[in-house]
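K.L.:
Numbering (this note's numbering), first residue to last: 83 to 439.
Where is the CB? At the ideal position from N, CA and C, for every residue including glycine.
Predicted, not measured: the structure shown is a model, and the values here were computed from it.
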Amino acid sequence: MRKHIFNAGPCKLPDSTLENVSKAVIEFGNTGQSILEVSHRSADFQAVHDEAVALFKEVLNIPEGYHVLFLGGGASMQFCMVPFNFLKTKAAYVNTGTWATNAIKEAKMWGEVEVVASSEADGFTYYPEFTIPSDVDYMHITSNNTIRGTEIFYDPTSPVPLIADMSSDICSRPVDVSKYHMIYGGCQKNLGPAGVTFVIIKDEMLNHVVEGRMIPTMLRYKTHVDKESMYNTPPCVNIFGVKETLKWIKEMGGVKVMEERAIERANAIYNELENSKVFRPVVKEGSRSRMNIPFLLREGYESLEKEFLDFCKTKNIVGVKGHRSVGGFRASTYNACTMDDVNALISAMREFEAAHK
Ligand SMILES: *Cc1c(COP(=O)(O)O)cnc(C)c1O
C-alpha cells in the first residue's frame with residue numbers, strides 16, 4: 083500500500099512519474115534498451131533532454147535569453163559554483179536558515195559577504211525584509227527554507243544580478259523569471275528524483291564571470307551552457323524523471339494550479355495547528371511556507387513526540403519527523419502531495435488530540 087508521504091526530499095512524486103520511469107527502466111521507447119543503458123549522445127536521449135528543457139521553459143514561463151541546465155552535485159554544489167564564478171569582491175546574502183548559512187559559508191571563500199538581513203535571532207521563524215545594495219557583485223536569496231518552513235512570496239527587484247536557491251518551491255507557484263539572473267535547486271523536492279540539479283541562468287550572467295580567475299572546467303557555468311549540459315555524462319534517468327514530472331505539472335494545469343493546490347493544503351494544515359490543543363505552528367504568519375510546515379507540541383505535551391510519530395506510522399503517514407537540527411515535526415507538502423494525504427495527517431492529529439487532551 084502506498085503511504086502518505088511527507089518527506090522533505092527526496093519526496094513524493096506523481097504516480098505518472100513513477101509509472102513512466104519504471105517502464106523506461108525496462109524498455110526506453112522502442113530502443114530495445116533501458117534508460118539506464120542508452121547512450122546520452124543518442125538521438126533518443128537527446129530528445130528526452132530537449133523535452134525536459136522545453137517543458138521547464140513553458141511551465142515556468144522562462145523568457146528568451148536564458149539557459150536551462152541539468153547538472154550533478156546538488157544544490158550544495160551551486161553554493162560554491164556561484165561565488166567561484168561571480169564573486170569578485172563582495173556579494174549580498176539573506177540568512178534565512180541552514181541552507182542560506184551553507185551558501186554564505188562557501189561564498190566567504192572567495193570574497194566579502196554582506197548579510198543584508200537575518201532572522202537567526204528569532205530562530206528563523208520569519209522571512210526578514212531586506213534592501214539590496216547596489217555595490218555588490220550579486221544578491222543571493224533562498225526563496226523557500228525547507229528546514230525552517232519560511233518562504234518569500236514575491237520576486238524582488240534588484241539593482242544587481244539576483245540569484246535564488248529555489249530548491250524547495252520551484253514550480254509550486256508562478257515566478258517572474260526575468261527578475262532573476264539565476265535560479266537553481268536540487269530537483270528532488272518538486273521536480274523529480276534526487277541526483278540532478280537545475281540551473282536557470284540568464285545568458286547575460288556569463289558576462290559577470292570574474293575575469294582572470296582560474297575556474298576548473300566542470301565548475302564553470304560557461305562549460306555547461308556551451309555544451310547544453312552534455313559536457314560530461316548527465317544524470318540520464320533523473321532527467322527523464324524530471325521530464326515526466328514537468329509533463330504532469332503541465333497536464334494538471336501548470337504552476338498556477340500547483341499554487342492553488344499548495345495554498346489549499348497549507349491552509350488546511352495551518353488551520354488545524356492554530357486550533358489544536360496539542361499541536362502548534364512555529365512560523366509567523368506572512369512567512370509560512372506552503373511547501374514545508376514545521377510544528378511542535380504545545381506546552382505540557384512535549385513528551386509525546388515519539389508517541390505521535392509512532393501513531394503516524396500506524397496511519398501510513400511517513401516523513402513528519404522534523405529535521406534533525408530543529409526537532410519537532412514537519413510536513414512537507416510538495417506538488418505531488420494531495421488533499422487525501424493532508425486529510426490523513428489532519429485526522430491523525432485529531433485522533434491523537436482526542437486521546438490526549
Ligand atoms: C535540500 C536543499 C538544498 C541542498 O540540496 P542538495 O541537492 O542536497 O545539495 C539546498 N537548498 C535548499 C533550499 C534545499 O531545500
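Does ligand 1 have a heavy atom nearer than 7 Å to the CB of T213?
P.N.:
The answer is no for T213.
K.L.:
Whole-angstrom Cβ separation of F88 and V307, contact assumed at under 8 Å?
P.N.:
In fact, because the Cβ distance is near 36 Å, the residues do not count as touching under 8 Å.
K.L.:
Here's a check: name, in chain order, each residue in its chain whose Cβ is nearer than 8 Å to the Cβ of V259, leaving out the five neighbours to either side.
P.N.:
Answer for V259: L142, N143, I144, P145, Y148, I265 and I282, listed in chain order.
K.L.:
Alpha carbon to alpha carbon, what distance is there between G368 and K395?
P.N.:
Approximately 31 Å, taken between the alpha carbons.
K.L.:
Thinking just about the alpha-carbon of each residue, which of N417, P376, C318 and L386 is nearest to the one in F110?
P.N.:
It is C318 whose Cα lies nearest to the Cα of F110.
K.L.:
If C253 and N417 are in contact, beta carbons under 8 Å, what's the gap, nearest whole angstrom?
P.N.:
C253 to N417, Cβ: 7 Å. Contact.
K.L.:
By alpha-carbon positions, which one of V198, A174 and W181 ends up nearest to F161?
P.N.:
Comparing Cα positions, the closest option is W181.
K.L.:
Answer yes if the stretch 414-428 comes into contact with the stretch 339-351, meaning at least three C-beta pairs across the two stretches below 8 Å, and no otherwise.
P.N.:
Touching, yes.
K.L.:
Do you know offhand how far E356's Cα is from P241's?
P.N.:
Roughly 39 Å between the two C-alpha positions.
K.L.:
Do you know whose CA, among E433, A436 and N398, lies nearest V83's CA?
P.N.:
Residue identity check: residue 83 is Met in the sequence provided, not Val. Nearest option by C-alpha distance: N398.
K.L.:
Please report the straight-line C-alpha distance between R302 and D237, rounded to a whole angstrom.
P.N.:
Straight-line Cα distance between these residues: approximately 26 Å.
K.L.:
Report buried or exposed for K284, applying the criterion of at least 16 other Cβ atoms within 10 angstroms of its Cβ.
P.N.:
Answer is buried; the Cβ neighbour count reaches 16.
K.L.:
Taking Cβ to Cβ, would you say T327 is nearer than 8 Å to L95?
P.N.:
A contact, by the Cβ cut-off of 8 Å.
K.L.:
Please look up how many angstroms separate the CB atoms of S250 and G91, rounded, as I've assumed it's under 8 Å.
P.N.:
With 8 Å as the limit, S250 and G91 qualify as a contact, their Cβ atoms being about 7 Å apart.
K.L.:
Could you give the distance in angstroms between the alpha-carbon of F390 and the alpha-carbon of F434?
P.N.:
Taking the straight line from one Cα to the other gives about 7 Å.
K.L.:
Ligand 1 and G294: does the residue's C-beta get closer than 7 Å to at least one heavy atom of that ligand?
P.N.:
No, Cβ of G294 sits at least 7 Å from all heavy atoms of ligand 1.
K.L.:
Please indicate yes or no: does the CB of A129 lie closer than 7 Å to some heavy atom of ligand 1?
P.N.:
No, Cβ of A129 sits at least 7 Å from all heavy atoms of ligand 1.
K.L.:
When the Cβ atoms of the stretch 310-325 are set against those of the stretch 261-281, are three or more pairs found closer than 8 Å?
P.N.:
Flag = yes, the stretch 310-325 and the stretch 261-281 touch.
K.L.:
Beta-carbon within less than 6 Å of G409's beta-carbon, same chain only, minus the 5 sequence neighbours each way: which residues are those?
P.N.:
Within the same chain, G409 has no close Cβ partners at all.
K.L.:
Going by DSSP in three states, F361 sits in which element: helix, strand or coil?
P.N.:
Here F361 sits in strand by DSSP.
K.L.:
In the DSSP assignment, find the beta strand (DSSP E) that holds E326 and state where it starts and stops.
P.N.:
Not the beta strand (DSSP E): E326 falls in the alpha helix (DSSP H), residues C318 to M334.
K.L.:
Quick check on the DSSP output: the alpha helix (DSSP H) that includes H306 runs from which residue to which?
P.N.:
Where H306 is concerned, the enclosing alpha helix (DSSP H) stretches over Y303 to D308.
K.L.:
CB I351 to CB A413, shorter than 8 Å?
P.N.:
Going by C-beta atoms, I351 is nearer than 8 Å to A413.
K.L.:
Write down the C-beta distance between K332 and L100 rounded to the nearest angstrom, noting that I regard them as a contact closer than 8 Å.
P.N.:
The pair is not a contact, with the Cβ atoms about 18 Å apart (cut-off 8 Å).
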